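Colleague: Before I ask anything, here is the structure I am working with.
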Amino acid sequence: MLRQKLTKDLKKTLTVVLAVGAVSVVPSTGLSLDAYGNGDKTGVVALYTFKEGSGSVVHDQITTGGALDLNISGTSGSYSWSSMGLDIDSPLQVFVQSAAPATKVINACNASNAMTIETWVVPQSPNQAFLESDGPVRIAALTDGVLNQGGIYLGEGYNAGAFFDLGIHTMWASKNGVYMEQGEQFTTDPSDTSIVRGNEQEHIIVTRDSNGDVQMYVSNSTGAPVLEIPFGGAPVPNDKNGNLKLASDDYLTVGNDINPGSTQYPTVTIAGGGPQPISDKQFLGELQMVAVYCTALTKNQVLGALAPTNWLTSSTNYTVNPNAPITQAQQMAALIYERVAGVKLPIDHPTILQMANILAANPTDIPTRMQAAAIAASSPAFYNITVSDFAKPMSNIANLTQVPLNDFVADIIGATRDGMDARQMLDGDYYYVGDPTKTAVPDDPIASIALSNNHYAALESEGYDLSSVLLQKTGQLFYNGQGALVPANKVGDAGGLLTTRQFASEAYSAGTNRRAIRFAFNSFLCEDITQWADATAPDGYVGRDVDRFPTGDHNVYLTTCKACHAQMDAMRPAFAHFTFDSNKGGADYLQDALLVSQETSFSTSNGFSAPAPAAGETNQDALNDQANDETNPSFMVQSPLGVSAKYNKNTYVFPAGYPVPNNSWVNYTNRPGTVDRAYFGWAQTNVQGDSSIAGQGVGAFAAMIASSQAYPRCLAQRVFQSVCKRAPDPNSSADQALLTQVVNAFTTTDQYKLQTLFERIAVQPDCLGQ
Amino acid sequence: MKWSRRKFRIALSLIAVSSVAAFLGNACSGGFQGASSGANSLASGGAVMACQEPTFQTVPGTIAVSIEYGNNVLANMQSCLGLSNTDLSQQTLDENAARLPSFSQAGYVGDLNSAMMMGIAAVAIDACSDLANKEAAEAAANRNYFTQVDFTQSAMTTAAIDDSVNRLARECWQRTPTSEELQIIESGTQAMGSIGAQYQAINVCASVLASLAGVSNPAGVM
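Protein sequences appear in the order of chains R and C. All residue numbers for the first sequence refer to the working numbering, where the first residue is 68 and numbers rise by one. All residue numbers for the second sequence refer to the working numbering, where the first residue is 3 and numbers rise by one.
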């Protein structure tokens, strides 16, 4: 026991030392304070540093308006002092509260209608609220327990995962003018286990501005502040106009709250409120600093150098000259800028004038125009708008542009910015993340990147300049379901964009992974299965789940089903290791059968009903059929071992069909004389005796696509549509000749650089309407 | 204050939309279809929008016209007005978020409809309010768009309206306005009465931004 206690204390001490050390390397963060309360105290109305070391009073370091000291009530041994703060070790034993209502805080914050609570704490456990019955434990609160007419708290809670939360009671006017109380709760993401860590120093800042908007910041394991995405508490329309109205009898409490009316718990005496039972909301851990501001710190003030930059209008320094004639060169420059960067720039802007100067010399010369276009392409807007909107439709099956940023899109933006060979987007082993020295978004590699899209969505929603914050990392990582990330190439399964989480969520979820083939061909070869289906292709790889006698007629299969299945089924084993099921809580990740353990417990608690084999099926076959229902996120149904069970389900439909044994695949679209062979232009490697192309795994499949002739042509088509604002006309000889010309340049002199492809296409007469 | 602003916003929207409707002029009653307008990008100075069949046929020598879409609606306004992120109010961001579902996904001209135009007008009013707030705090000589506006007055002078329209059209339509366009905005603004020069300035700005010429790509062709 003693050893455990010593170990715990040592760990805490070490953590604090390390974390405090880390504080000094955090970039300047404006008004935020360190764990000792040092820093710019502008706007702070009450400050507690918990460095008293002994006694039963926590002193308010802000004496303006009168010090609001806190008195500690607690049984002997229920709390102790350390060099860093006040340790609370026992539930239902300790109550720390101001001796009088927090009038100076109430008056100032009600007047400003804004508030910030900043704390440094060491929570004892990430799950402590799970064990306590009254909901989130209180770190700091303006408690509204007596009059119950408005208050605020910062707490730690649990709902299928730990979170920090901000609870607010606002008083807002309904339509008939009656003031009503509205409770709101904003939490950090409960599924992100990196936020509430336990036994580690955490720096938490929550702000509520006069518009009712809430921001939450929690330091990550290196001590840097992270702008968390507030969950829940989305303000309803009436809330937005509501006011922060702290009740006149609110007391400032830390570490606990009161629970009026309860007879279950010990009581404390509230001045003016008599004896009141305390809550089972005892925060367990160490309180190191609590500061209350009556202003809402801005992102720039909290994040300092990590705040988003103003990339859209990096230069607002221009002068409108209403009397100057607008030259044709200016108009062309403005048009090229708009097409390349995706936004209008003022025609008198220095960038437009710079481009116009170049164009004026030789406005019809393509290389001259490309020089001007290169200026537009160097703007952040090119990456954040044009390249992003070029990549987004490729990243989802519905072909939508208005979707959140994701890893697929980030990889394309980063590759474009870094001048990478576009083939590497498929056959390279890398990925992009927000540079942690330039951003403050959720960045836990498991919770925010492998298990969710939170990292990328926040990069975009917070307005970070993707042209500067994206950082290339070598070696894609897969989550193994057991708390660890493993290099994809350890099992030979890195496949560039085909193994991004976004592609997986679209292509490998449920189903049979045939969708992945169709999606890949659509996105990277611009050819839908309806175009490359071929009923003459060999059907030896068609799965057992495909009926050979639909409606009782084999000819229906031969003339319709086979055309698609013969081609797709032969290639789909490329993805045999993968599945992704967003329906499983906590399993929203790319599952690789070589990394995630085989499911062996086919119990109802894991989502399985009693297997009921169809005629001709084994029990394993019946379990395979239920693979998509399996609910245990740590495991994966495989059959055979190493192959996702979805490949071998519904075997009763045609038991003589092809059982997928591994990830070896065959491409039949290379057969001589076929339209497909001419269109795709596969590089002639790994060609078999029957002219098919054989390969193993997703990497080889991705490399096959990247080396085809259709891939650069597809990219050119998509770029054309992006900057020329129309699809190239397949019946227009001019458009087709243009595509051929730019693809030739792209694959030779331009060395597959996407940015140059944008510049080259945007300045063509057919694109500019000349 | 919030109530009166809301009321004002409704009035502004109607005026802005009436200006937009005037710009539509000879538009097809069934709405715009197709992606090619047939307008020559660099020579076009008028608010002309040819009626096209709903096809994507290519007409040699013409330029495909698209419209602003999604988040680019606000981004375009911000960029052409020279507003930084910190110049934007929370209200503008909230309005844009609320209107996003009515905006085009990918910018095809055929996506244009009345709900989208109403949404653009609403966002334009807020963005223009941010511009007016920014410029009202600056000396007249340092402003880009409201150089002749006395924000303490109850109305803008005709000269101030014309000057502001000229400046806004130059930067956001990337051409000078026609006399007809100038007249429409001028009369629409004066019809608001003496409600404050700042509100009139917002109307002038929103009329330019929420017009078809303001939302088209290339700018000013519609």
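In this text, a Cβ means the ideal position worked out from N, Cα and C, and glycines have one as well. Quick caveat, the model's predicted, so the values are computed rather than measured.
Please work out which residues of its chain come closer than 6 Å, Cβ to Cβ, to R/S147, disregarding the five sequence neighbours upstream and downstream, and give them in chain order.
Modeller: Locating residue 147 of chain R in the first sequence gives position 80, where the first residue counts as 1. Excluding sequence neighbours, R/S147 sits near D154.
Colleague: Using a Cβ-Cβ cut-off of 6 Å (strictly less than) and excluding sequence neighbours within five positions of R/A694, which residues of its own chain qualify?
Modeller: What you label residue 694 of chain R is simply residue 627 of the first sequence in a count that begins at 1. Closer than 6 Å at Cβ, skipping near neighbours: V704, A712, K713.
Colleague: Looking at R/Y100: is its Cβ nearer than 9 Å to the Cβ of R/M283?
Modeller: Along the first sequence, read from residue 1 onward, the residue named residue 100 of chain R stands at position 33. Along the first sequence, read from residue 1 onward, the residue named residue 283 of chain R stands at position 216. Looking at the sequence shown, residue 100 of chain R is not Tyr but Leu. Cβ atoms of R/L100 and R/M283: not closer than 9 Å.
Colleague: Where DSSP assigns a beta bridge to R/K540, which residues make up the other side?
Modeller: As a first step, residue 540 of chain R is located in the first sequence; it is residue number 473 there, counting from the start. Partner(s): R/Y498.
Colleague: Does C/R169 get closer than 9 Å to chain R when you measure Cβ to Cβ?
Modeller: Numbered from 1 along the second sequence, position 167 holds the residue referred to as residue 169 of chain C. Closer than 9 Å to some Cβ of chain R, the Cβ of C/R169 qualifies, so yes.
Colleague: Using a Cβ-Cβ distance under 9 Å, would C/L102 count as near chain R?
Modeller: Within the second sequence, residue 102 of chain C is the residue found at index 100, counting from 1. Taking Cβ atoms only, chain R reaches closer than 9 Å to C/L102, which makes this a yes.
Colleague: Relative to chain C, which residues along the stretch 399-412 of chain R have a C-beta separation below 8 Å, given in chain order?
Modeller: M399, A401, L402, E405, R406, G409, V410, K411, L412
Colleague: Secondary structure at R/V710, three-state DSSP: helix, strand or coil?
Modeller: Here the question's residue 710 of chain R lines up with position 643 in the first sequence. Reduced to three states, the DSSP call for R/V710 is coil.
Colleague: Kindly list the residues whose CB is nearer than 7 Å to the CB of R/Q634, restricted to its own chain and excluding five residues on each side of it in sequence; keep chain order.
Modeller: Indexing the first sequence from 1 puts residue 634 of chain R at position 567. Same-chain partners within the cutoff: W599, A600, D601, A604, Y735, T736.
Colleague: Kindly list, in the order they appear in chain R, the residues whose Cβ is closer than 8 Å to that of C/C82.
Modeller: Position 80 of the second sequence, counted from the first residue, corresponds to residue 82 of chain C. Simply V410, K411, L412, P413.
Colleague: Determine the closest residue to R/D478 out of R/R568, R/N811, R/K411, R/H270, with distance taken between C-alpha atoms.
Modeller: For the purposes of this step, residue 478 of chain R is taken as the residue at position 411 of the first sequence. Checking every option, the nearest Cα to that of R/D478 belongs to R/R568.
Colleague: Measuring only between beta-carbons, confirm whether R/C593 sits less than 9 Å from chain C.
Modeller: Within the first sequence, numbered from 1, the residue matching residue 593 of chain R stands at position 526. Output row for R/C593: interface = no.
Colleague: Is it the case that the stretch 621-636 of chain R contacts the stretch 581-599 of chain R, given that we only count it when at least three CB pairs across the two stretches are under 8 Å?
Modeller: yes
Colleague: Could you give the distance in angstroms between the alpha-carbon of R/Q822 and the alpha-carbon of R/A677?
Modeller: In the first sequence, the residue the question calls residue 822 of chain R occupies position 755. In the first sequence, the residue the question calls residue 677 of chain R occupies position 610. Approximately 55 Å between the Cα atoms of the pair.
Colleague: Tell me the DSSP secondary structure of R/T741 in three-state form.
Modeller: Position 674 of the first sequence, counted from the start, is the residue given in the question as residue 741 of chain R. Coil at R/T741, not helix or strand.
Colleague: Taking all protein chains shown into account, decide if R/N686 is buried (16 or more other Cβ within 10 angstroms of its Cβ) or exposed.
Modeller: As a position in the first sequence, residue 686 of chain R is number 619, starting the count at 1. Exposed, because fewer than 16 other Cβ atoms sit within 10 Å of the Cβ of R/N686.
Colleague: With DSSP run on the structure shown, which of helix, strand or coil describes R/W599?
Modeller: Looking up residue 599 of chain R in the first sequence gives position 532. Looking at R/W599 - three-state DSSP - the assignment turns out to be helix.
Colleague: For R/L114, does the three-state DSSP call read helix, strand or coil?
Modeller: Numbered from its first residue, the first sequence carries residue 114 of chain R at position 47. In the structure shown, R/L114 sits in a strand (DSSP, three-state: E or B).
Colleague: Determine, using beta carbons only, whether R/M487 and R/K820 come nearer to each other than 9 Å.
Modeller: As a position in the first sequence, residue 487 of chain R is number 420, starting the count at 1. As a position in the first sequence, residue 820 of chain R is number 753, starting the count at 1. Yes. Within cutoff.
Colleague: According to DSSP, is R/E405 part of a helix, a strand, or is it coil?
Modeller: Numbered from 1 along the first sequence, position 338 holds the residue referred to as residue 405 of chain R. Three-state result, R/E405: helix.
Colleague: Any idea if R/S534 is buried or exposed, counting beta-carbon neighbours within 10 angstroms, 16 or more meaning buried?
Modeller: Residue numbering aside, residue 534 of chain R sits at position 467 when the first sequence is read from its first letter. With 16 or more other Cβ atoms within 10 Å, it is buried.
Colleague: Between the alpha carbons of R/V93 and R/V359, how many angstroms are there, rounded?
Modeller: Numbered from its first residue, the first sequence carries residue 93 of chain R at position 26. Numbered from its first residue, the first sequence carries residue 359 of chain R at position 292. In this prediction, R/V93 scores a pLDDT of 38, lower than 50, which makes its location untrustworthy; the coordinate-derived value is nonetheless stated afterwards. Going by the C-alpha atoms only, they are around 21 Å apart.
Colleague: Label R/L467 either buried or exposed according to how many other C-beta atoms from any shown protein chain fall within 10 Å of its C-beta, with 16 as the threshold for buried.
Modeller: The residue given as residue 467 of chain R occupies position 400 in the first sequence. Result: exposed.
Colleague: Return the chain-ordered list of same chain residues with a C-beta closer than 6 Å to the C-beta of C/L90, the five sequence neighbours on each side being excluded.
Modeller: Here residue 90 of chain C corresponds to residue number 88 of the second sequence, with the count starting at 1. Correct list, in chain order: D132.
Colleague: Per DSSP, R/L552 forms a beta bridge with which residues?
Modeller: Residue 552 of chain R sits at position 485 when you count from the first residue of the first sequence. In DSSP, R/L552 forms a bridge with R/Y546.
Colleague: Give the C-beta separation of R/N473 and R/S462 to the nearest angstrom, bearing in mind that I take them to be a contact with Cβ-Cβ under 8 Å.
Modeller: Within the first sequence, the letter at position 406 stands for residue 473 of chain R. Within the first sequence, the letter at position 395 stands for residue 462 of chain R. About 6 Å separates the two Cβ atoms, so the contact holds.
Colleague: So R/C791 contacts chain C; which residues on that side make the cut at Cβ distance below 7 Å?
Modeller: In the first sequence, the residue the question calls residue 791 of chain R occupies position 724. Correct list: A66.
Colleague: Contact between the stretch 103-122 of chain R and the stretch 370-388 of chain R is defined here as three or more beta-carbon pairs at a separation below 8 Å; is this criterion met?
Modeller: no
Colleague: Might you give, ordered along the chain, the residues of its own chain that have their beta carbon closer than 7 Å to the beta carbon of R/Y778, omitting 5 neighbours on each side?
Modeller: As a position in the first sequence, residue 778 of chain R is number 711, starting the count at 1. These residues qualify, in order along the chain: F591, L592, I772.
Colleague: What are the residues of the stretch 159-189 of chain C that lie near chain R, defined by any Cβ-Cβ distance shorter than 8 Å?
Modeller: D165, N168, R169, R172, E173, C174, Q176, R177, T178
Colleague: Pull up the distance between the alpha-carbon of R/V558 and that of R/F645, whole angstroms please.
Modeller: Translated into positions along the first sequence, residue 558 of chain R becomes position 491. Translated into positions along the first sequence, residue 645 of chain R becomes position 578. In a straight line, the C-alpha of R/V558 is about 12 Å away from that of R/F645.
Colleague: Is the stretch 611-625 of chain R in contact with the stretch 717-728 of chain R, if contact means three or more CB pairs nearer than 8 Å?
Modeller: yes
Colleague: If distances are taken between C-alpha atoms only, which option among R/K792, R/N729, R/C791 comes closest to R/G764?
Modeller: Taking the first sequence and counting its residues from 1, one reaches residue 764 of chain R at position 697. Of the candidates R/K792, R/N729, R/C791, the one whose C-alpha sits nearest the C-alpha of R/G764 is R/N729.
Colleague: Our contact map puts R/F475 next to R/A458 with C-beta atoms below 8 Å; I'd like the distance itself, whole angstroms only.
Modeller: Walking along the first sequence from the start, residue 475 of chain R turns up at place 408. Walking along the first sequence from the start, residue 458 of chain R turns up at place 391. With 8 Å as the limit, R/F475 and R/A458 qualify as a contact, their Cβ atoms being about 7 Å apart.
Colleague: Taking Cβ-Cβ distances shorter than 7 Å, what residues in chain R pair up with C/G72?
Modeller: The residue given as residue 72 of chain C occupies position 70 in the second sequence. Those within 7 Å of C/G72 in chain R are T468, Q469.
Colleague: Can you give me the C-alpha to C-alpha distance between C/A171 and R/I296, rounded to a whole angstrom?
Modeller: Looking up residue 171 of chain C in the second sequence gives position 169. Looking up residue 296 of chain R in the first sequence gives position 229. The straight-line gap from Cα to Cα measures roughly 39 Å.
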